[in-house]
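Right, one structure below, let's go through it.
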Amino acid sequence: MEKCCRLEEMIKKEELVYDVIAEEGNNEILEHINSCSDCGKFVSDLKRTSDSVRSLLKVTVSDSFDAALRSRINMIRNEQKKERVEAVPLYSRVFYYASGIAAIFIAFFYISSLGLFDNTTDGPLPSLNSEMSLASENAVSKGNSAVDSLENMNKSVQDDEDLRLKVSTGE
Amino acid sequence: MDMMNLKKLTDEELMLRFQNGDEDSYSELVERYKNKLMNHIFYYMKDRESAEDIVQDTFDRVYLNKEKYKEIAKVSTWIYTIAINLAKTALSRSGKMNSFSITGKDGENDYEIKDKHSSTDRDVLKNELSDIIMSSIDSLEEKFREIVMLRDIDEMSYEEIAALLQIPTGTVKSRLNRARLNLRDAITDYIK
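See the structure below:
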């Protein structure tokens, strides 16, 4: 008996696509496959071929893939940032930085004008200036008391000397 | 939006969010495609390290050229196109291209020069059957090999393959038929 090649011929002539035989529900073809052992074998060989290709081992990325990609993306980001800065003309950059510095000075003078650095004791905390003047006053008073005690000592030595002179002269 | 909700978005929605500066959407796209691309490109390069480099380069390009993506194409098509082009460039530079073809407009004048086997990293293709299947796929003309890989390894639809290769869906189906018939002849004795 001659081998039936009906399906093989149809596929070779591109009248039929193996994948869509079942999908398209072509009853005539499906009935032929069920009744013809040659065409049934042909279709099952094609299916096995396709399944074998699908069963090839799936290759996946290594564990270090994500970290490596992250570091590459960070590098790209940094380069993009650098390019963005370099794309700005020099005079614009100088103006930008000068504006920043000017803003700092203006802020400083404005705060100074509010009197936050003045020597006042009204606030809850004594200012630095008042602390310093208090310390210097203490130092002056401490210096004065030292002079006084030196004078007292001189006076008592003088008194002792006078007394010794009176005794020796028999007064 | 947290990562759980990003998983519910389509590729195209993720790409739109990424174009508007959402880097988490980019990470989600990487997560969706890194293994698919690796699998596809490995069978091009036959070398794990080179394949991974190509996949990294692909995601670099996606990051750098996000503005160039237009919604008229599917994101998968765009990403695969970048990856395949990079792989082909790398192969031609290294002189490891399995075959090259001078193809007429209608595809009838094909002059194929095939090598026996390019240098291969067979550590993941240890068993003999896989080796035979891979050798059979390698021996196919490039236009057939590509379609078998996209359909059977990457499990793409006919429409996706057609968009990716910029050929009609009918041509995809007919090439797949031819490729499967050739493969059947080569491996049918081994898979019984």
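Protein chains in written order, with the numbering used here: chain C, 71 to 241; chain H, 29 to 220.
Just so it is clear, CB atoms sit at the ideal spot from N, CA and C, and this is done for glycine as well.
Extent of the continuous alpha helix (DSSP H) to which residue i belongs
i	result
H/L37	No alpha helix (DSSP H) holds H/L37; DSSP gives it neither H nor E.
H/N48	Run containing H/N48: none; DSSP gives neither H nor E here.
H/A191	Y186 to L193
H/N205	T197 to I215
H/A101	It is not in any alpha helix (DSSP H) - H/A101 carries neither H nor E in the DSSP assignment.
H/K171	E170 to V176
C/E72	Counting along the chain, C/E72 falls outside any alpha helix (DSSP H), and DSSP gives it neither H nor E.
C/L184	Segment: none, C/L184 is in no alpha helix (DSSP H) and carries neither H nor E.
C/G240	Run containing C/G240: none; DSSP gives neither H nor E here.
H/G123	Careful: H/G123 lies outside any alpha helix (DSSP H) and carries neither H nor E.
C/T119	S107 to R124
H/D166	E156 to S167
C/S141	F135 to A157
H/E77	R76 to L92
Cα-Cα separation between residue i and residue j, rounded to whole angstroms
i	j	result
H/K201	H/D52	37 Å
C/V87	C/K117	12 Å
H/E59	C/E101	44 Å
C/R76	H/M66	40 Å
H/S158	C/L126	6 Å
H/K98	C/N144	25 Å
C/A168	C/R154	19 Å
H/A191	C/I171	57 Å
C/M223	C/L235	19 Å
H/M43	H/K102	10 Å
H/I181	H/G123	25 Å
C/S132	C/K151	30 Å
C/S105	H/D166	35 Å
H/S78	C/D108	44 Å
C/I103	H/S120	44 Å
C/L233	C/E207	39 Å
C/S114	C/R124	15 Å
H/T86	H/Y108	9 Å
H/R150	H/K74	At H/R150 the pLDDT is 48, less than 50, meaning the model places this residue with poor confidence and gives no usable figure here.
H/N33	H/E41	12 Å
C/Y180	C/R140	46 Å
H/S9	H/S185	Because chain H in this structure spans residues 29 to 220, residue 9 of chain H falls outside the shown range and cannot be described.
H/L193	H/K171	10 Å
C/I176	C/S182	10 Å
H/D30	H/N48	16 Å
H/E156	H/K35	38 Å
H/Y54	H/E95	13 Å
Residue i and residue j closer than 8 Å at C-beta
i	j	result
H/L57	H/D39	yes
H/K62	C/F135	yes
H/R212	H/I175	no
H/Y218	H/I160	yes
H/R173	H/I189	no
H/H68	H/M162	no
C/A157	H/Q84	no
C/E84	H/N205	yes
H/T117	C/T119	no
C/A146	H/L114	A small correction: the amino acid at residue 146 of chain C is Ile; Ala does not occupy that position in the sequence shown. No, the pair does not count as a contact, with Cβ atoms beyond the cut-off.
C/L129	H/F70	It is worth fixing the name first, because residue 129 of chain C is Val in this sequence and not Leu. Contact: yes.
H/T197	H/E183	no
H/D88	C/R142	yes
C/E78	C/F112	yes
H/V90	H/I112	no
H/L168	C/K82	no
Contacts of residue i in chain C (Cβ-Cβ under 7 Å)
i	result
H/K62	V131 and F135
H/M66	V129, T130 and V131
H/F70	V129
H/R212	D115, L116 and T119
H/S158	L126 and L127
Partner residues on chain H for residue i, Cβ-Cβ distance less than 9 Å
i	result
C/E84	G198, K201, S202, N205 and R206
Interface residues of chain H facing residue i [CB-CB closer than 8 Å]
i	result
C/V87	K201, S202, L204 and N205
C/I81	N205 and L209
C/D67	Coverage of chain C is limited to positions 71 through 241, which leaves residue 67 of chain C absent and any answer about it impossible.
Within chain C, the residues that residue i reaches when beta carbons sit closer than 9 Å
i	result
H/L92	I146 and Q150
H/I165	V123 and L126
Residue i: contacting residues in chain C (beta-carbon distance under 8 Å)
i	result
H/E223	This structure gives no information on residue 223 of chain H, because the portion of chain H shown stretches from 29 to 220.
H/V18	Residue numbering for chain H in the displayed model covers 29 to 220; residue 18 of chain H lies beyond these limits and cannot be assessed.
H/I215	T119 and S122
H/I161	S122, V123 and L126
H/R76	V129 and S132
Contacts that residue i makes with chain H (C-beta to C-beta distance below 7 Å)
i	result
C/L139	V58, Q84 and F87
C/S120	D180 and R208
C/R142	Q84 and D88
Cβ-heavy atom distance, residue i to the ligand MG, below 7 Å
i	result
H/N48	Of ligands this structure carries none, so the ligand MG is not represented either.
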